[in-house]
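The C-terminal position of the sequence shown is numbered 206 in the working numbering, with every residue numbered one higher than the one before it.
Glycine included, C-beta positions come from ideal geometry on N, C-alpha and C.
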Amino acid sequence: RALLYETSRFVDIYKALDDIAKERKLTPEERQEFKKYSKLADAFTPMGKGMTTEYANQNAYDAIQVHGGSGFMKDYACERIYRDARITNIYEGTTQLQVVAAIRHVTTGTYLNQIREYQAIEYKPELTEKYEKVVAKVTETKDNEYIDFQARRMVEAAAHCVFGYLLLQDANKDDSFRRSAEVYVNYGQAEIDKIESFINNFNREDLAYYKQQ
-6 RALLYETSRF VDIYKALDDI AKERKLTPEE RQEFKKYSKL ADAFTPMGKG MTTEYANQNA
54 YDAIQVHGGS GFMKDYACER IYRDARITNI YEGTTQLQVV AAIRHVTTGT YLNQIREYQA
114 IEYKPELTEK YEKVVAKVTE TKDNEYIDFQ ARRMVEAAAH CVFGYLLLQD ANKDDSFRRS
174 AEVYVNYGQA EIDKIESFIN NFNREDLAYY KQQ
């Protein structure tokens, strides 16, 4: 929800400037703002679609697990949620296609620049530092096949940083969000650690093992 609101803010700003441009010429500052928020909307839309639909599936899976065998029966709503959630990361572009749209914003630094803006507000710089290191380690190879292979992991690492910072911002505005924010930051930190470990220990010569025969 935090990412949805943030993406919507980016879209609202650049569309408002687009409407203004139809009435008069934008000032240099407005043109710069238009370019900035258009790029951010373009970057955050696939991240939001990809990550939130994957979370929907995970939450549906967990709901079934909590209910046990009963959750698989039509007596409970979660069996319908389980079926409905599965299509969300397929239609309107699969998660893999969202990664294809998002990865250029990893390699060109769009996400990192925005994460640094969040970081400047406060807290948890280690999220940013680990993300920056894993991206640098992959992109400095200049091996497009390897970059594509690690693309989803890098996009997910960026998303965990963004989610963490957005939730911490919400917690600073309303303390009732703080517990949820801290829970997510701990989870996001663990997920970034996992991604960092995989990338740091991956031998590029092993790429051939992952190709379909």
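Your pair V127 and A150 checks out as a contact, with CB atoms roughly 6 Å apart and the cut at 8 Å.
In the three-state reduction of the DSSP assignment, Y203 falls in the helix class, which pools H, G and I. A residue is called buried once 16 or more other Cβ atoms fall within 10 Å of its Cβ, and G43 is buried on that count. In the three-state reduction of the DSSP assignment, K135 falls in the coil class, being assigned neither a helical nor a strand state. DSSP places L(-3) inside the alpha helix (DSSP H), whose first and last residues are A(-5) to E16. V99 is the residue among M66, V99 and Y202 whose C-alpha sits nearest the C-alpha of M147.
Under the three-state reduction of DSSP, N196 is assigned to coil, being neither helix nor strand. Bounds of the alpha helix (DSSP H) holding A53 are P21 to H60.
Counting along the chain, the unbroken alpha helix (DSSP H) around E110 starts and ends at T103 to I114. G86 carries a coil assignment under DSSP once its states are collapsed to helix, strand and coil. Fewer than three beta-carbon pairs drawn from the region 63 to 72 and the region 95 to 111 are found closer than 8 Å, and the two stretches are therefore not classed as touching.
For the pair T88 and A78, the Cα-to-Cα distance works out to about 13 Å. A Cβ-Cβ separation of about 32 Å leaves L(-3) out of contact with G61 under the 8 Å criterion. In this structure, DSSP gives Y69 a state outside helix and strand, which the three-state scheme calls coil. Straight-line spacing of the CA atoms in Q107 and I114 works out to 11 Å. Contact between the region 186 to 205 and the region 154 to 167 is absent, with fewer than three C-beta pairs closer than 8 Å.
Residue state for D167 is assigned as coil, using DSSP reduced to three classes. For the pair L90 and Q182, the CB atoms are not nearer than the 8 Å cut-off. Contact between the region -3 to 10 and the region 26 to 38 is present: 3 or more CB-CB pairs across the two stretches fall below 8 Å.
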